[in-house]
Every structure is written in C-alpha cells, then in structure tokens.
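This report refers to the structure that appears directly beneath it.
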Amino acid sequence: MKLAINIENITKTYPGVLANSKVSIKVNSGDIHAIVGENGAGKSTLMKILYGMVKPDSGNIEIFEKKANMSSPKDAINLGIGMVHQHFMLAKNLTVLENIILGIDKPFLKNIKLSKYRTEIQKVMELYSLDIDLNQYVDELSVGEKQRVEIIKVLYRGAKILILDEPTAVLVPQEVKELFNNLRDLKNNGVTVLFISHKLDEVLEIADEISVMRSGQMIDTVVNDNVSKTQLAEMMIGKSLPSPPARVTSTGEKVILKVENIKSTDEDGRTIFEEITFEVNKSEILGIAGVEGNGQKEVVEAIIGIQALDSGKVIFMDNDIEGQGTRERLESGISFIPEDRQLQAMIMDMNLTNNVIIGRQNIDKYKSSLGTMKMKNAVNESKKVISAFDVKTPGTSTLATALSGGNQQKFVVGRELEDNPSLLIASQPTRGIDIGAQALIWEKLRNSRDEGLSVLLISADLEELIGLSDRIIVFYQGKLVKELDADNVSPEDLGGYMTGLKK
Numbered sequence: 014m015k016l017a018i019n020i021e022n023i024t025k026t027y028p029g030v031l032a033n034s035k036v037s038i039k040v041n042s043g044d045i046h047a048i049v050g051e052n053g054a055g056k057s058t059l060m061k062i063l064y065g066m067v068k069p070d071s072g073n074i075e076i077f078e079k080k081a082n083m084s085s086p087k088d089a090i091n092l093g094i095g096m097v098h099q100h101f102m103l104a105k106n107l108t109v110l111e112n113i114i115l116g117i118d119k120p121f122l123k124n125i126k127l128s129k130y131r132t133e134i135q136k137v138m139e140l141y142s143l144d145i146d147l148n149q150y151v152d153e154l155s156v157g158e159k160q161r162v163e164i165i166k167v168l169y170r171g172a173k174i175l176i177l178d179e180p181t182a183v184l185v186p187q188e189v190k191e192l193f194n195n196l197r198d199l200k201n202n203g204v205t206v207l208f209i210s211h212k213l214d215e216v217l218e219i220a221d222e223i224s225v226m227r228s229g230q231m232i233d234t235v236v237n238d239n240v241s242k243t244q245l246a247e248m249m250i251g252k253s254l255p256s257p258p259a260r261v262t263s264t265g266e267k268v269i270l271k272v273e274n275i276k277s278t279d280e281d282g283r284t285i286f287e288e289i290t291f292e293v294n295k296s297e298i299l300g301i302a303g304v305e306g307n308g309q310k311e312v313v314e315a316i317i318g319i320q321a322l323d324s325g326k327v328i329f330m331d332n333d334i335e336g337q338g339t340r341e342r343l344e345s346g347i348s349f350i351p352e353d354r355q356l357q358a359m360i361m362d363m364n365l366t367n368n369v370i371i372g373r374q375n376i377d378k379y380k381s382s383l384g385t386m387k388m389k390n391a392v393n394e395s396k397k398v399i400s401a402f403d404v405k406t407p408g409t410s411t412l413a414t415a416l417s418g419g420n421q422q423k424f425v426v427g428r429e430l431e432d433n434p435s436l437l438i439a440s441q442p443t444r445g446i447d448i449g450a451q452a453l454i455w456e457k458l459r460n461s462r463d464e465g466l467s468v469l470l471i472s473a474d475l476e477e478l479i480g481l482s483d484r485i486i487v488f489y490q491g492k493l494v495k496e497l498d499a500d501n502v503s504p505e506d507l508g509g510y511m512t513g514l515k516k
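Taking the working numbering, I'd label the letters of the sequence shown as residues 14 to 516.
Below you can see the structure in the form of structure tokens.
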C-alpha cells in the first residue's frame with residue numbers, strides 16, 4: 014500500500030524540553046490514522062512540524078513517497094496537506110462561500126467574483142458528501158456545521174491529507190456521528206485522515222491504525238483490531254489506568270449560589286440570555302450543558318461580574334453581589350477556571366510563581382502592609398500546586414508557555430482549588446487535555462465536592478458532565494430549557510435537549 018506520510022527520526026527541542034525524540038511514523042494512503050497520547054507527549058509538536066508551522070532539528074519527512082521540506086503552512090498546503098484546528102478560524106460575519114475562498118485570490122472580497130468559485134466548491138461538496146448552505150452566514154451555523162466548513166475549505170485547496178486536531182472536543186453526540194460519516198466518505202474517496210484525540214472510545218470507533226506517543230517518543234502503532242481502550246490508555250501513561258471512583262451524591266441543603274431571573278442584552282439590544290434561574294447547593298456539582306453560543310458562557314461571566322445584567326439578581330452566600338466588581342467577587346470566596354487557559358487564566362511569558370498570584374495581588378497572603386509582594390509565599394504556593402496536581406515542570410521559575418496544555422490546565426485548576434473557595438466555577442476544565450490530566454482533574458473536583466465545595470461546571474464533554482454532576486441544566490437559545498438528574502440521562506438525550514430536538 015502506498016504511504017501518504019513517512020516521518021523518520023524527527024527530533025525537536027525547546028529550552029529545557031525534548032518535545033520530539035527520534036519520532037517515526039508511517040501512514041497509509043486512504044487510512045484514518047489516529048494519534049493519541051497525554052498532553053506533553055509530543056503530538057502537537059509533530060503535527061506542527063508536518064504542517065510546516067515548526068521546523069524540526071533533525072529527521073526526514075516524505076509525502077506520497079517524495080521528500081518534503083516544509084518551512085510554512087503554505088508549503089504543506091501545496092503538498093496537499095490541510096489542517097483543521099481545534100479552534101475554528103472562520104469570519105463569523107461572512108458567508109460560508111466567502112469563508113471558503115478567503116485568502117485564496119485577491120485580498121479583498123469586493124474584487125472576487127463569487128460565482129467563479131461556487132460551482133467548483135459545490136463539486137467538492139458533492140464528491141465528499143459534505144452538505145452546507147454556501148449562502149448562510151457562519152454566525153448562524155452550529156458548531157458541527159462550522160467544522161464542516163473548515164473541512165470543505167482545506168479540501169477545496171487540494172488537501173489529500175487532512176489533519177484534525179481534537180475534532181470532537183465541542184461536538185454533541187449527534188454531530189460526532191455525522192462527522193464520522195463524513196470521515197468515512199473522505200476515506201472512501203482516497204483522503205488520508207490524521208485524527209488527533211484523547212477520546213479513546215472515539216478513536217477505537219473510527220481509526221484504521223492508532224499510534225501512541227509518550228514523553229516525546231513514539232511508543233507503538235497498532236492496527237485497530239483487537240486492541241482495547243485499557244491497553245491504549247496504559248500505553249499512553251506507561252502504567253495501569255486506575256479505576257475512577259463512583260460518584261456519590263452528598264448535596265447539602267445550604268444554597269451557596271442563587272441566580273434569579275437574570276437577563277442580558279448586547280449593545281444592539283439583542284437578547285443574549287433571559288429568564289435564567291437556578292441554585293447551586295453546598296457540596297454539589299451543578300453541570301451546565303449547551304452548544305456553544307447559547308448563552309451559558311455569558312451567564313458565567315455575569316456571575317463573576319464581567320457581563321452586565323439588564324435585570325435579575327446574583328446572590329452568593331446570602332449576599333446580593335450584583336453591585337460588586339469582579340475582583341471583589343473573587344476575593345469573597347468564588348474561584349474561576351476560564352475556558353481559555355492561555356488567554357484568560359495565565360500570562361504565558363511569566364513564570365509559575367507569578368502566575369500563582371494572578372488575581373490575588375491584594376490578599377494578605379501575597380501583599381505586605383508596605384504594599385510589596387510576599388514572593389516567598391508565592392514560591393511556596395506554586396510548589397504546593399505543582400506537587401499536589403502533578404504538574405510536570407522543571408520548577409517554579411519555568412515560564413507558563415513552556416508547559417504542555419495539560420500541565421497548564423492542571424496548574425490553573427490547582428491554583429483555584431488551593432484557595433479553598435466556597436464556589437468554584439469551572440468552564441471547560443478538561444478541554445483539549447489528555448486522559449491522564451483529565452482523570453486527575455476529575456478526581457480533584459470530586460474530592461473537593463465531597464469536602465464541601467460547590468461547583469458550577471460548564472463543559473462541552475457530555476460524558477464529563479454526566480459523570481461529575483449531581484444535576485444538569487441545559488441552555489438553548491439563551492434560555493434554561495431543562496433540568497436533569499445526572500444519574501438518569503444519556504449523552505444522546507442530553508444532546509437532544511442541547512440542539513432543541515427534545516423538549
């Protein structure tokens with residue numbers, strides 16, 4: 014069988030980090046080939062090298078059995094390689110057609126004859142069984158439809174090798190099923206798919222072969238025949254996978270957070286969310302489910318004081334906090350894990366000692382009576398977080414940007430939990446991280462809940478929501494449409510409420 018990709022002995026180092034060490038992998042043409050591994054295993058670096066975003070220190074790459082030297086994504090695209098990133102790169106105020114051709118011709122859309130491309134794009138869509146309304150604005154699309162646009166975009170540019178980075182991270186089960194049908198159609202038409210994921214059940218469902226990376230090295234490539242989820246997980250982490258503890262509901266009667274009939278509109282007067290009422294009890298994990306863009310993100314921002322309210326109340330520990338600023342709310346016993354760790358939770362070019370202080374500059378633990386920072390306390394706290402949450406780093410002076418995504422996330426979660434808050438708002442706490450980091454964060458959240466912490470959990474991972482939550486509330490079109498007992502709901506049912514298919 015002809016090889017689509019032949020990577021030999023790729024090595025890449027960063028200061029203090031061996032990201033890839035003599036990595037070799039062969040991918041058959043027309044296969045769906047999965048690459049799995051913990052965060053920090055080297056998957057992202059390898060894909061960036063393959064897509065021309067990063068130059069390796071040594072090693073060789075062959076594409077369709079010809080030596081390839083890629084110094085930019087443009088080189089990769091010219092060789093027939095396309096990549097769909099986890100975070101979509103679409104202009105929401107343009108149509109699907111405009112997004113697909115953006116950057117392909119002249120720099121300004123007004124100089125492009127759209128009719129020139131419509132027929133060609135429709136042929137690509139028909140060839141690969143990818144259906145979408147080319148006239149629809151991206152802002153009106155579901156998450157799954159946006160992903161389809163990204164796939165059409167790279168196929169139209171001639172991609173015969175498609176790299177998908179965590180493609181199911183934000184999809185509901187119905188959208189995952191549709192994506193997998195699309196991938197099978199692509200395979201049947203000769204497209205080679207590299208499927209990067211940490212969801213082993215999905216990998217086992219869709220992949221022909223599976224490569225496992227650990228600590229910058231390629232451990233093995235196996236045919237998806239008789240390999241099990243447990244075997245893959247043990248290859249990824251290098252040891253037996255512990256069984257997760259069963260969820261035991263221990264909800265207290267005391268109400269920690271009460272949201273009463275809140276409403277918010279944007280600057281144009283359009284409703285973002287309305288009629289939102291719910292409570293979070295002591296020692297409870299309340300899950301919030303909803304397809305992105307249905308108001309749940311803005312509700313969380315309203316609770317911490319970022320999003321302004323038109324009406325309604327937010328009551329924390331029996332106090333109406335609507336008049337308080339964000340800093341005052343956080344200092345009163347609310348901890349917050351933002352959904353984007355790199356943009357909202359850390360300063361990437363600062364070290365871990367300084368990152369542990371973020372948002373805490375004015376508390377007595379870190380600020381002296383003279384106004385100077387107690388850096389020794391910050392060093393000790395960062396060491397505590399690193400130890401308790403198994404953050405893989407040379408030390409507290411390491412820059413945040415040098416950590417893998419999973420280790421960044423473990424540090425952020427640890428920082429917020431070590432404050433001993435009364436309420437933790439956790440927004441996408443395990444998005445894009447591996448099974449090992451995910452298991453640790455789940456364990457810490459469960460243990461903290463059992464010790465009395467109240468958690469408001471927002472997640473696109475429905476298995477995570479169901480597995481961790483005591484109750485789940487569902488957002489759709491800016492409204493709270495359903496409350497569910499987490500013990501008695503399936504991912505399919507939850508996905509139905511999230512997409513409006515169930516009432």
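Glycine included, each C-beta is placed from N, C-alpha and C at the ideal position.
Looking only at its chain, what residues have a beta carbon closer than 7 Å to the beta carbon of residue i, apart from the 5 residues adjacent to it on each side?
i	result
PRO257	Because PRO257 sits at a pLDDT of 47, beneath the cut-off of 50, its placement in the model cannot be relied upon, and the following sentence gives the value as read from the coordinates. Answer for PRO257: ALA452 and TRP455, listed in chain order.
ASN307	PHE488, TYR489, GLN490 and GLY491
ASP70	THR24, LYS25 and THR26
ASP144	MET138
ASN390	LYS378 and TYR379
GLN149	THR108 and VAL109
On the CB-based measure, 16 or more other CB atoms within 10 Å of its CB, does residue i come out buried or exposed?
i	result
LYS173	buried
ILE371	exposed
ASN22	exposed
GLY251	exposed
TYR510	buried
SER382	exposed
SER472	buried
GLN135	exposed
SER51	Note that residue 51 corresponds to Glu in the displayed sequence, not to Ser. Classification for GLU51: buried.
THR181	buried
ASN195	buried
GLN309	buried
ILE62	buried
ARG342	buried
MET83	buried
ASP498	exposed
ALA32	buried
THR132	exposed
ALA439	buried
As a quick exercise: from the options, pick the residue whose alpha carbon is nearest that of residue i.
i	options	result
LEU412	ASN368, LYS378 and VAL425	ASN368
GLU477	VAL487, VAL494 and GLN441	GLN441
ILE232	GLY157, VAL425, LEU16 and VAL49	VAL49
ASN106	HIS46, GLY427, GLU153 and TYR27	GLU153
GLY43	ASP214, LYS380, LEU175 and GLN337	LEU175
ALA230	GLY318, LEU59, ARG462 and LYS396	Per the sequence presented here, residue 230 reads as Gln, with Ala not at that position. Ranking the options by Cα distance to GLN230, first place goes to LEU59.
THR108	LYS80, THR24 and LEU147	LEU147
ASN364	VAL392, ILE376, ARG340 and SER85	VAL392
HIS211	ARG444, GLY72, VAL268 and MET359	ARG444
SER461	LYS190, LEU481, GLY157 and LEU475	LEU481
ARG340	ASP353, LEU322 and ILE317	ILE317
LEU103	GLU158, VAL40, MET83 and PHE208	GLU158
ASN520	LEU140, GLN149, ILE269 and ALA246	Nothing in the structure corresponds to residue 520, since the chain is present only between 14 and 516.
GLU8	ARG283, GLU352, ASP281 and GLU297	In the structure as shown, the chain begins at 14 and stops at 516. Residue 8 is therefore absent and cannot be evaluated.
ILE285	LYS267, SER324 and ILE269	SER324
Kindly give me the distance between the Cβ atoms of residue i and residue j, rounded to whole angstroms, as I take these residues to be in contact under 8 Å.
i	j	result
TYR64	ILE94	6 Å
GLN422	ALA450	6 Å
MET2	LYS380	Nothing in the structure corresponds to residue 2, since the chain is present only between 14 and 516.
VAL398	ARG428	6 Å
ASP198	SER155	That pair is no contact at about 19 Å.
With a threshold of 6 Å on Cβ separation, who are the neighbours of residue i within its own chain once the five nearest residues in sequence on each side are excluded?
i	result
LEU299	VAL293, LEU469 and ARG484
MET248	VAL225 and ILE232
PHE291	VAL272 and ILE486
ASP88	GLY65
LYS515	GLY509
ALA81	ILE74 and LEU92
Should residue i be counted as a contact of the ligand MG given a C-beta to heavy atom distance under 7 Å?
i	result
VAL156	Of ligands this structure carries none, so the ligand MG is not represented either.
Skipping 5 residues on each side, what residues in its chain have a beta carbon closer than 8 Å to that of residue i?
i	result
ARG333	The question names Arg, but residue 333 is Asp in the sequence shown. If we look at ASP333 and ignore the five residues flanking it on each side, its Cβ neighbours are LYS326 and VAL327.
GLU218	PHE193
Query - Meets three-Cβ-pair contact criterion under 8 Å: the region 429-443 and the region 341-357 - result: Touching, per the Cβ criterion.
Query raised in the report: Do three or more CB pairs link the region 317-330 to the region 413-431 at distances below 8 Å?
Result: The count of Cβ pairs closer than 8 Å, one atom from the region 317-330 and one from the region 413-431, stays below three, leaving the stretches out of contact.
Report task. Assess, as a yes-or-no matter, whether the region 156-171 is touched by the region 92-112 under the definition of 3 or more beta carbon pairs within less than 8 Å. Result -> Yes, the region 92-112 touches the region 156-171.
Query raised in the report: Counting pairs of beta carbons, one from the region 216-223 and one from the region 232-241, are three or more of them closer than 8 Å?
Result: These segments touch.
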